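Chains as they are written, first to last, in this note's numbering: chain A, 1 to 200; chain B, 201 to 522; chain C, 523 to 967. The C-beta atom is built at its ideal place from N, Cα and C for all residues, glycine as well. This one's a predicted model, so the numbers in the text were calculated from it and none came from an experiment. Here the structure is laid out as structure tokens; the discussion comes afterwards.
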Amino acid sequence: MLNRYIMEQGNIVNHKLFVKEGKTVAFSPEVLGKIQQLILRYPEGQQKSALLPILHIAQEELGGYLSVDVMDYVAGLLGIQPIEVYEVATFYSMFYLDKMGHYVIEVCRTGPCAISGGEMIMEHLRHSLGISPGETTPDGLFTLKEVECLGSCGTGPVMQVNTGYYEHLTPGRVDKILDDLRENANKDKPDDSTWVEKFC
Amino acid sequence: MFKVTIDNQQVDVEEGTTILQAARMIGGKVVPPAMCYYSKLRGSGGKCRTCLVKVAQSSAKDPRPMPKLVASCSTPVQDGMVVQNLTSPEVVEARKAIVEFLLLNHPLDCPVCDQAGECDLQDLSFRYGMEETGSEEDRREFPVTDIGDKIKLHMNRCILCYRCVYTADQLTDKRLHGVLYRGDVSEIGTFIQQAVTNNFSGNMIDVCPVGALTDKTFRFKSRVWFLNPMNAHRDCPSCSGNVTAWMFGNEIYRVTGRKNQYGELEEFICNECRFEKKDPGDWVIEGPRHIKRQSVISANHYERMKKQSVIKPIEGIMEDPE
Amino acid sequence: MGGKILLAGIEIPGIRGFDVYRANGGYAAVEKALREMTPAQVNAEVTRSGLRGRGGAGFPTGLKWSFLDRKSDKPRYLICNADESEPGTFKDRYLMHHLPHRLIEGLIISSFALGVKTCYIYIRGEFKYLVGVLEKAIAEAHHHGYLGEHILKTDFSLNIYVHPGAGAYICGEETALLESLEGKRGNPRIKPPFPAFKGLYGCPTVVNNVETLATVGPIIGMGGEEYSKLGKGKSTGTKLISACGNINNPGVYEIELGLPVEDFIYAPEYCNGIANDKYLKAVIPGGSSVPILPADLILSTAKGEKRLMSYESLSEGDFLTGTMLGSGGFIVFDEDACIVRNTWNLAHFYRHESCGQCSPCREGTGWMEKVLYKIEHGQGKMSDIDLLVRISKNIEGNTICPLGDAAAWPVASAIRHFRHEFEEHVLHPAEVLEKERRLSASFAV
Ligand SMILES: Cc1cc2nc3c(=O)[nH]c(=O)nc-3n(C[C@H](O)[C@H](O)[C@H](O)COP(=O)(O)O)c2cc1C
Ligand code: SF4
Ligand code: SF4
Ligand code: FES
Ligand code: FES
């Protein structure tokens with residue numbers, strides 16, 4: 001049966017309790033300066049508004065996911081309670097709470113992509129990478145994720161690798177993309193523009 | 201003053217009053233049930249949808265009905281508004297549906313739940329629920345956790361009314377728990393292991409309409425209906441010291457705030473009064489407290505409820521894991 | 523495809539940059555509005571144009587603007603809703619990608635009309651690459667004096683900022699968007715109060731879709747009267763339709779409202795017919811939230827009239843035999859598509875995207891998905907079909923925000939029009955599953 005992984009939905013919800021490791025984390029002075037600029041976009045006293053953009057930057061700059069230490073640090077920057085950051089980070093699907101692979105492959109599963117072959121792309125990736133959605137390959141290179149509509153339905157099936165869109169997928173194209181990604185893994189991040197640049 | 205008619209009864213209220221508040225001024229059957237609204241917590245309400253009513257006439261000026269049922273707890277009245285609660289079959293149907301949704305993933309472990317007998321959801325399902333649900337799906341299950349060292353959280357039972365979150369926000373200086381994740385896997389939690397120590401955090405237990413947040417210093421000592429609720433007070437430096445002491449003979453089994461007929465606290469109390477003062481000598485006992493609200497306990501309904509919902513043998517579960 | 527309004531100039535190389543855009547008539551509307559018109563006149567033009575919200579609800583934009591609390595002494599905000607996450611919808615992305623300045627121009631004129639000094643574009647986080655495109659366009663406009671203090675030496679000042687979401691469909695709902703913009707969870711607010719009185723930071727706020735705001739420029743350019751002559755009846759002007767699914771030419775098309783649906787599906791300049799010479803089975807014409815219609819009802823109404831691409835014609839017959847124009851996400855299904863599987867797929871989407879705040883939606887979306895999953899996988903019962911209808915009815919209208927309705931409608935309409943397919947799944951599960959397996963294997967080539 002296709003897509004078994006989506007369907008095995010247990011009824012046990014066991015969100016893990018995270019631990020604060022107590023590592024010191026900090027943005028570089030340069031990034032920090034830009035973040036100060038970012039906060040100024042919102043009226044005085046509304047600095048919490050900058051939370052989402054800052055979390056994007058934090059995720060990118062400070063380890064690829066939002067550890068408790070990182071979130072507490074961001075809470076400190078904005079003068080809000082850590083729980084306010086946890087609440088937000090757990091709500092939005094783009095924030096990762098655990099360590100991710102070098103490439104996060106997010107495959108669209110929603111209707112329009114599904115009727116143009118999206119389910120099969122996921123199946124293909126499962127086999128090629130030997131992992132299920134939510135898992136990371138042992139070499140730490142790829143994390144596979146299933147996501148909802150990426151707003152690119154006319155060019156489906158679609159997947160997003162880190163921030164880049166890959167459209168009109170076929171199994172053959174997916175293999176080629178994986179090869180390219182593997183080859184470039186040692187080079188810098190695949191996407192040349194970071195959230196910091198985008199915003200500041 | 202605005203004139204409002206609810207189930208054919210008229211009342212004059214101030215501008216800005218909600219339909220629910222107006223109904224409470226009339227009292228009795230016209231009052232819609234409220235599982236998430238809490239008059240003393242700013243921003244509460246609107247979420248559970250049990251208080252939905254029909255607005256048959258929006259106002260004297262605009263006699264049209266409102267297109268959808270509205271949440272009475274968060275809809276302000278207009279002059280000349282005509283509201284239907286139980287007189288509208290549509291409302292009765294919707295309320296049944298809401299109860300079904302609320303019970304869909306609720307464990308129905310009433311026989312082993314500390315809240316049994318004083319649970320708003322139990323009362324609600326009695327009064328408005330259907331005989332049986334159409335669901336055959338397994339219920340969602342969360343592990344039992346702690347919110348601090350005095351409060352236990354049974355997330356399975358939570359209806360996500362957000363009252364405890366508003367309590368922590370508005371009564372304590374530092375909120376440590378909140379709503380995490382989203383959709384049908386959202387949960388109340390602290391995200392990381394940490395102690396919730398604020399002196400007013402215990403009020404979360406009293407505002408919780410179900411048995412999701414319970415007092416660890418009381419758990420399983422007794423069923424509430426064996427206990428005698430007594431009004432008691434003490435000279436407390438941090439709160440009013442006016443409480444309900446739940447007694448069996450001469451012993452205090454637990455201390456809670458005093459709740460009014462809508463299950464709302466009259467005053468919030470501090471953790472010291474709630475958790476530390478279990479010696480009758482600490483208190484001036486004023487006399488028995490009458491449960492004014494119409495609840496399963498007072499209606500003597502509990503036995504029936506139990507029969508319907510016993511699903512697990514009581515042995516084994518009665519033993520607290522700790 | 524002549525007569526483009528919103529997408530005019532899209533074929534010109536370099537139109538994404540300020541200079542080319544300006545050289546091709548760009549920003550003339552801003553100059554006209556700021557130099558020759560009062561804010562009230564701009565409002566009046568927009569009202570006269572008959573422009574209706576392109577985000578989904580189709581609410582008249584002029585009327586929405588007139589609700590804005592102008593008595594309050596608090597600052598006012600204009601929010602551009604670029605959250606575009608409704609399955610089947612990808613028109614705003616296309617517009618922002620190719621013609622970012624058309625949006626900026628619309629934002630400037632709209633802000634002028636509304637007396638707004640700060641405007642935020644809330645864009646879905648996945649569209650990160652577009653953030654750069656928009657920021658660049660904003661910087662260019664600043665550089666040329668169309669943004670910032672004293673625009674065109676008038677008293678009018680405006681700043682536009684781009685704000686990213688982070689993966690939540692619900693943040694497209696306007697009050698959830700405002701919460702998200704304030705750095706909170708995207709829980710829709712309980713209304714009243716409405717954003718026009720208490721929106722962002724408790725201040726009067728207007729939230730409009732990207733396409734709606736981008737249309738304001740052309741309206742001022744050509745005049746509201748002229749714009750209203752386009753289209754049909756109360757569906758004035760042109761609209762972007764994003765077409766996807768089993769068609770030959772998926773893509774974004776600007777159509778004049780009132781175009782027959784049949785022409786849109788089969789004409790070579792639009793969808794160009796069903797892919798692989800198959801037959802049309804069904805269409806969801808306005809993004810996944812609107813009711814699905816079978817081929818006969820999408821091509822003509824129950825009364826036998828030609829169905830047109832307009833707000834009125836598509837909703838002709840209400841929910842019994844009609845649907846909605848919605849956001850213009852036009853999803854086409856061919857003869858082989860499995861309606862049950864698609865309904866389950868969408869139910870999964872809504873379950874995943876429910877904010878979880880109110881009980882009917884939080885519990886109901888999960889329940890519907892579980893039941894649909896069972897039916898799709900051959901473990902359903904006949905009574906499950908009626909159960910689904912009952913659950914969807916119980917959600918509809920009882921929730922805080924329209925996501926509840928959006929989750930209920932696709933299920934209710936799929937059962938209304940394709941009940942036999944659901945029954946087929948219950949009665950002959952093995953055959954149905956085999957057929958699906960073969961179909962999905964056919965994508966492998
Ligand atoms: C669940 C939900 C999701 C929505 N998503 C979007 C969206 O992605 N983009 C959008 O423009 N409007 C969306 N809307 C509609 C907005 O709430 C709002 O009506 C719209 O932005 C108003 O703009 P308009 O009047 O220009 O259409 C959504 C509504 C709901 C209920
Ligand atoms: S724990 Fe209790 S008070 Fe808190 S949200 Fe759940 S039901 Fe409400
Ligand atoms: S209808 Fe759904 S998405 Fe909307 S507020 Fe309720 S739970 Fe949230
Ligand atoms: S359905 Fe896959 S991008 Fe929209
Ligand atoms: S009490 Fe009104 S919605 Fe919960």
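Neighbour-count burial assignment, residue i, 16 or more Cβ in a 10 Å radius
| i | result |
| --- | --- |
| A/D98 | exposed |
| B/M330 | exposed |
| C/K803 | buried |
| C/Q879 | buried |
| C/F852 | buried |
| C/R557 | exposed |
| A/I12 | exposed |
| B/D384 | buried |
| C/K613 | buried |
| C/P622 | buried |
| B/G227 | exposed |
Anticipated Cβ contact below 8 Å, residue i with residue j, distance rounded
| i | j | result |
| --- | --- | --- |
| B/I220 | C/N920 | Sequence check: residue 220 of chain B is Leu here, not Ile. About 16 Å; that fails the 8 Å criterion. |
| C/E972 | C/G580 | Chain C is shown only over 523 to 967; residue 972 of chain C falls outside these bounds and no answer can be derived. |
| C/I682 | C/I626 | 7 Å |
| B/L353 | B/S325 | The Cβ separation is near 22 Å, so there is no contact. |
| B/S259 | B/T218 | At roughly 15 Å, the Cβ-Cβ gap does not stay under 8 Å, so B/S259 and B/T218 are not in contact. |
| B/F400 | B/C470 | 6 Å |
| A/K20 | B/I392 | 6 Å |
| C/E834 | C/S757 | 6 Å |
| C/V568 | C/F634 | Contact flag wrong, Cβ pair sits at about 11 Å. |
| A/I131 | C/A859 | Rounded, the Cβ-Cβ distance is 29 Å, inconsistent with contact. |
| C/H619 | C/L652 | 6 Å |
| C/G739 | C/R624 | 6 Å |
| A/P43 | C/Y723 | 6 Å |
The beta strand (DSSP E) enclosing residue i, as first and last residue numbers
| i | result |
| --- | --- |
| B/D320 | No beta strand (DSSP E) contains B/D320, which is instead part of the alpha helix (DSSP H) from D320 to Y328. |
| B/D346 | V344 to I347 |
| B/T444 | N442 to F448 |
| C/C883 | Segment S881 to E898 is the alpha helix (DSSP H) holding C/C883; no beta strand (DSSP E) there. |
| B/H433 | N428 to H433 |
Of the listed residues the options, nearest to residue i (C-alpha basis)
| i | options | result |
| --- | --- | --- |
| A/Q46 | A/K34, A/G64, A/L78 and A/S67 | A/L78 |
| C/I796 | C/E834, C/D856, C/E943 and C/G902 | C/D856 |
| C/E671 | C/A663, C/L680 and C/I861 | C/L680 |
| B/E476 | B/L269, B/K350 and B/I485 | B/K350 |
| C/R707 | A/I57, A/P112 and A/F95 | A/F95 |
| C/I913 | C/K896, C/G888 and C/I897 | C/G888 |
| B/F535 | B/E464, B/V283, B/F418 and B/R458 | Since the first residue shown for chain B is 201 and the last is 522, residue 535 of chain B is missing from the structure and cannot be characterised. |
| B/D533 | A/S93, A/E148 and A/I83 | In this structure chain B extends from 201 to 522, so residue 533 of chain B is not present and cannot be described. |
Min CB distance residue i to chain A below 8 Å
| i | result |
| --- | --- |
| B/K374 | yes |
| C/V954 | no |
| B/F448 | no |
Cβ of residue i within 8 Å of any chain C Cβ
| i | result |
| --- | --- |
| A/V70 | no |
| A/P82 | no |
| B/L304 | yes |
First and last residue of the uninterrupted alpha helix (DSSP H) at residue i
| i | result |
| --- | --- |
| C/L680 | It is not in any alpha helix (DSSP H) - C/L680 carries neither H nor E in the DSSP assignment. |
| C/R544 | F540 to A545 |
| C/Y792 | Segment: none, C/Y792 is in no alpha helix (DSSP H) and carries neither H nor E. |
| C/S764 | Not the alpha helix (DSSP H): C/S764 falls in the beta strand (DSSP E), residues T760 to G767. |
Short CB-CB distance (under 8 Å) between residue i and chain B
| i | result |
| --- | --- |
| C/G687 | no |
| A/T90 | yes |
| A/K20 | yes |
| A/V25 | no |
| A/V13 | yes |
| C/H487 | One cannot answer for residue 487 of chain C here, as it falls past the ends of chain C, which runs 523 to 967. |
| C/A837 | Rather than Ala, the amino acid found at residue 837 of chain C in this sequence is Ser. Not closer than 8 Å to any Cβ of chain B, the Cβ of C/S837 fails to qualify, so no. |
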